[in-house]
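Student:
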Amino acid sequence: MKITMIGAGYVGLVSGVCFADFGHDVICLDKDEGKIEALKQGQIPIFEPGLDHLVASNVASGRLSFTTDLKSAVAESDVIFIAVGTPSRRGDGHADLSYVYAAAREIATNLTGFTVVVTKSTVPVGTGDEVERIIRETNPQADVAVVSNPEFLREGAAIEDFKRPDRIVVGLNGNDQRAREVMTEVYRPLYLNQSPLVFTTRRTSELIKYAGNAFLAMKITFINEMADLCEKVGADVQDVARGIGLDGRIGSKFLHAGPGYGGSCFPKDTLALVKTAQDYDSPVRLVETTVAINDNRKRAMGRKVIAAAGGDVRGRKVAVLGLTFKPNTDDMRDSPAIAIVQTLQDVGAKVVGYDPEGVENARKLIDGMDYANDPYDAAADADALVIVTEWNEFRALDFARLKNVMKTPLLVDLRNIYRKDEVTRHGFSYASIGRPD
Ligand code: UDX
-12 MKITMIGAGY VGLVSGVCFA DFGHDVICLD KDEGKIEALK QGQIPIFEPG LDHLVASNVA
48 SGRLSFTTDL KSAVAESDVI FIAVGTPSRR GDGHADLSYV YAAAREIATN LTGFTVVVTK
108 STVPVGTGDE VERIIRETNP QADVAVVSNP EFLREGAAIE DFKRPDRIVV GLNGNDQRAR
168 EVMTEVYRPL YLNQSPLVFT TRRTSELIKY AGNAFLAMKI TFINEMADLC EKVGADVQDV
228 ARGIGLDGRI GSKFLHAGPG YGGSCFPKDT LALVKTAQDY DSPVRLVETT VAINDNRKRA
288 MGRKVIAAAG GDVRGRKVAV LGLTFKPNTD DMRDSPAIAI VQTLQDVGAK VVGYDPEGVE
348 NARKLIDGMD YANDPYDAAA DADALVIVTE WNEFRALDFA RLKNVMKTPL LVDLRNIYRK
408 DEVTRHGFSY ASIGRPD
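Residue numbers for the sequence shown follow the working numbering, so the first one is -12 and each next one is one higher.
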């Protein structure tokens, strides 16, 4: 199959490279000439484990190329994926679809032969209908099928998720057999690997993506609230999670209590679902509440640090380990670290941060924070050390060394990566999430 991926961002790049690795001919296209030039030189604009090698080997094999020339890429493609951004629209929280519609317009005039246009961007219900309307209006002769095919990739594990998905969801307009055959061919290697291919209607497929992310966000938020309750009643949230997660109907994943979810998907998608549901006069109150609880939680985590440090951190130094919204990414979008640092700064603390990959992005989003070169550098003269993101390199800290450099040996572990006794035996005070301290 000849595939064009429009948008060489996170989703477009990972999906494009993986399709090339399946044996398809893939052109990754972006308007950003600097980005395309860099990709041609083998420079990857995002941090994602394994992506650089996969790009290099598929470029070398001739199956993957990069371009800014939409016209010729579209003309020679059997399948065109739209994988452009759908950020939250400023002011109202709806998904901003201007990039998706602009792509549809540009594709329309350059189509030749039967082509399947696939929305891979996360888009609200009804967007596929509008994409199809735009294409038919712009080019009434176009022989086109518009399909929805949401992605379920986790940052940091995106290649693995792409190649071994729990399922692939494809939404067709009615029962379009030609589009169905093309999409089956596109995902043939996974299909042969027994990954379920779920065909449904286009609107259903669009909703599945939002419903899935909202459910996971709710699951995390539920265990976070249980963690707060555990602290009050003297119970242990990790045992609660294990105790309920072993029930197959509940499942053990996404029950890890922490500082609240962040990232490029959950905050944006939950909010967009809330807005869509309100527009259709069918509010999703569980999701509305989830959004509100998670928003409050991030600053509450800052207050938790202040309480653990004795209630007053004015003029004192707090070291924050881990700034990205989760490990193995450089993504800072909606990271809990942002609100936590701001809460500490608001009451006069001097905050120093360390992150293995996220510093460049952190600098753009957090004002007035200093950066350290490693955890020990961050901890020097600090009155509290706070783990916000569970990077592996924080899992075996040298507490004797930390105690020597810190002013006050206090660890606030917002990801529960340690047990209390492992830390306190080195003379540290220790606070964590939802466990008897
Ligand atoms: C998510 C979905 O998992 C993916 O299917 C979708 O396509 C995009 O959004 P991602 O945002 O990369 O992926 O990260 P994920 O691993 O899902 O974590 C999201 C947030 O939830 C992170 O801030 C993480 O720290 C938090 N989280 C996750 C928890 O606090 N507890 C958990 O048990 C799991």
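All C-beta atoms in this analysis are idealised placements derived from N, C-alpha and C, irrespective of residue type, glycine included.
Does DSSP classify Phe202 as helix, strand or coil?
Tutor: Along the sequence shown, one-based indexing puts residue 202 at 215. Reduced to three states, the DSSP call for Phe202 is helix.
Student: Quick one: what does DSSP say Ala70 is sitting in, helix, strand or coil?
Tutor: For the purposes of this step, residue 70 is taken as the residue at position 83 of the sequence shown. Residue state, collapsed to three classes: coil.
Student: Determine the burial state of Pro323: buried for a count of at least 16 other Cβ atoms within 10 Å of its Cβ, exposed for fewer.
Tutor: Taking the sequence shown and counting its residues from 1, the one referred to as residue 323 is at position 336. So Pro323 ends up on the buried side.
Student: Just how far apart, CA to CA, sit Gly115 and Thr188?
Tutor: The sequence position of residue 115 within the sequence shown is 128, counting from 1. The sequence position of residue 188 within the sequence shown is 201, counting from 1. Taking the straight line from one Cα to the other gives about 10 Å.
Student: Report the three-state DSSP secondary structure of Lys304 (helix, strand or coil).
Tutor: Counted from its first residue, the sequence shown places residue 304 at position 317. Three-state DSSP puts Lys304 in a strand.
Student: Can you find at least 3 beta carbon pairs, one from the stretch 362 to 374 and one from the stretch 265 to 281, that sit closer than 8 Å?
Tutor: no
Student: Does DSSP put Met170 in a helix, a strand or coil?
Tutor: Start at 1 with the first residue of the sequence shown, and residue 170 comes out as number 183. Helix, per DSSP.
Student: Can you name the start and end residues of the alpha helix (DSSP H) that Lys291 belongs to?
Tutor: Within the sequence shown, numbered from 1, the residue matching residue 291 stands at position 304. Run containing Lys291: Arg272 to Ala295, per the alpha helix (DSSP H) assignment.
Student: Label Thr106 either buried or exposed according to how many other C-beta atoms from any shown protein chain fall within 10 Å of its C-beta, with 16 as the threshold for buried.
Tutor: On the sequence shown, position 119 is the one that residue 106 refers to. Classification of Thr106: buried, given that the 10 Å Cβ count is 16 or more.
Student: Label Arg284 either buried or exposed according to how many other C-beta atoms from any shown protein chain fall within 10 Å of its C-beta, with 16 as the threshold for buried.
Tutor: Here residue 284 is taken as the residue at index 297 of the sequence shown, counted from 1. Classification of Arg284: buried, given that the 10 Å Cβ count is 16 or more.
Student: In chain order, which alpha helix (DSSP H) runs of at least 4 residues are fully inside the stretch 126 to 152?
Tutor: 145 to 150
Student: Using DSSP bridges, identify the partner residues of Lys(-11).
Tutor: The count along the sequence shown starts at 1 and reaches residue -11 at position 2. Bridge partners of Lys(-11): Asp12.
Student: Considering only residues of the stretch 207 to 268, which uninterrupted beta strand (DSSP E) runs meet the minimum length of 3 residues and lie entirely inside it, listed in chain order?
Tutor: none
Student: In chain order, what residues of the same chain have a beta carbon less than 7 Å from the beta carbon of Ala129, not counting five sequence neighbours either side?
Tutor: The sequence position of residue 129 within the sequence shown is 142, counting from 1. Hits under 7 Å: Ala95, Leu98, Ile122 and Arg123.
Student: Can we count Ala244 as close to the ligand UDX, meaning its CB is less than 8 Å from some heavy atom?
Tutor: Walking along the sequence shown from the start, residue 244 turns up at place 257. Yes, Cβ of Ala244 sits closer than 8 Å to a heavy atom of the ligand UDX.
Student: Can you list, in chain order, the residues of its chain whose CB lies under 8 Å from that of Glu172, leaving out five sequence neighbours each side?
Tutor: Counted from its first residue, the sequence shown places residue 172 at position 185. Answer for Glu172: Met(-12), listed in chain order.
Student: Quick one: give me the first and last residue of the beta strand (DSSP E) that Lys337 is part of.
Tutor: By 1-based counting over the sequence shown, the position of residue 337 is 350. Its beta strand (DSSP E) spans residues Lys337 to Tyr341.
Student: If we count the other Cβ atoms within 10 Å of its Cβ and call it buried at 16 or more, is Gly245 buried or exposed?
Tutor: Taking the sequence shown and counting its residues from 1, the one referred to as residue 245 is at position 258. Answer is buried; the Cβ neighbour count reaches 16.
Student: Could you tell me whether any non-hydrogen atom of the ligand UDX is closer than 8 Å to the CB of Arg141?
Tutor: Mapped onto the sequence shown, residue 141 falls at position 154. It does: the Cβ of Arg141 is within 8 Å (strictly closer) of some heavy atom of the ligand UDX.
Student: With 16 as the cutoff for other CB atoms within 10 Å, does Gln225 come out buried or exposed?
Tutor: Position 238 of the sequence shown holds residue 225. Buried, since its Cβ has 16 or more Cβ neighbours within 10 Å.
Student: Look at the Cβ atom of Met484, then the Cβ atom of Thr316, and state whether they are nearer than 9 Å.
Tutor: The question about residue 484 has no answer, for the chain in this structure spans -12 to 424.
Student: What are the boundary residues of the alpha helix (DSSP H) that includes Thr187?
Tutor: By 1-based counting over the sequence shown, the position of residue 187 is 200. Thr187 -> not in any alpha helix (DSSP H); beta strand (DSSP E) instead, spanning Leu184 to Thr188.
Student: From this set, Gly21, Asp408, Gly(-4) and Pro36, which residue's C-alpha is nearest Thr73's C-alpha?
Tutor: Looking up residue 73 in the sequence shown gives position 86. For Thr73, the nearest C-alpha among the options comes from Gly(-4).
Student: If you draw a straight line from the C-alpha of Gly113 to the C-alpha of Thr191, how long is it?
Tutor: Looking up residue 113 in the sequence shown gives position 126. Looking up residue 191 in the sequence shown gives position 204. Going from the Cα of Gly113 to the Cα of Thr191 covers about 10 Å.
Student: So is the beta-carbon of Ser251 under 8 Å away from any non-hydrogen atom of the ligand UDX?
Tutor: Your numbering for residue 251 matches position 264 in the sequence shown. Correct: Ser251 has its Cβ closer than 8 Å to the ligand UDX.
Student: Going by DSSP in three states, Ala82 sits in which element: helix, strand or coil?
Tutor: Working through the sequence shown from its first residue, we reach residue 82 at position 95. Here Ala82 sits in strand by DSSP.
Student: Quick one: residues in its chain with C-beta nearer than 8 Å to the C-beta of Ser419, no 5 flanking neighbours on either side, listed in chain order?
Tutor: Taking the first residue of the sequence shown as 1, we reach residue 419 at position 432. If we look at Ser419 and ignore the five residues flanking it on each side, its Cβ neighbours are Val399, Asp400, Leu401, Asn403, Tyr405 and Lys407.
Student: Enumerated in chain order, which unbroken segments of the alpha helix (DSSP H) with a length of 4 residues or greater are wholly contained in the stretch 377 to 414?
Tutor: 386 to 392 and 407 to 411
Student: So which of Thr125, Tyr248 and Val274 has the shortest CA-CA distance to Leu260?
Tutor: Counting from one through the sequence shown, the residue named residue 260 turns up at place 273. The shortest C-alpha separation from Leu260 is found at Val274.
Student: Provide the residue(s) that pair with Asp357 in DSSP beta bridges, ordered along the chain.
Tutor: Within the sequence shown, numbered from 1, the residue matching residue 357 stands at position 370. Val339, per the DSSP bridge assignment.
Student: Excluding the 5 residues flanking Asp8 on each side, which residues of the same chain have their C-beta closer than 7 Å to its C-beta?
Tutor: Here residue 8 is taken as the residue at index 21 of the sequence shown, counted from 1. Only Leu41 and Asn45 meet the Cβ criterion.
Student: Nearest to Lys440 by CA position, among Phe312, Gly(-6) and Thr411, is which residue?
Tutor: Because residue 440 is not part of the residues shown, which for the chain are -12 to 424, the question remains open.
Student: Alpha carbons only, please: which of Phe241, Ala366, Gly232 and Arg229 is nearest the one belonging to Ile207?
Tutor: Here residue 207 refers to the residue found at position 220 of the sequence shown. Selected option, being the one with the closest Cα: Phe241.
Student: Exposed or buried, what is Pro137 when buried is set at 16 or more other beta-carbons lying within 10 Å of its beta-carbon?
Tutor: Taking the sequence shown and counting its residues from 1, one reaches residue 137 at position 150. Burial call: buried.
Student: Do the stretch 18 to 35 and the stretch 158 to 170 touch if we need at least three Cβ pairs shorter than 8 Å?
Tutor: no
Student: Given 8 Å as the limit, tell me if Thr257 has its C-beta closer than that to any heavy atom belonging to the ligand UDX.
Tutor: Translated into positions along the sequence shown, residue 257 becomes position 270. Answer for Thr257: no, Cβ out of range of the ligand UDX.
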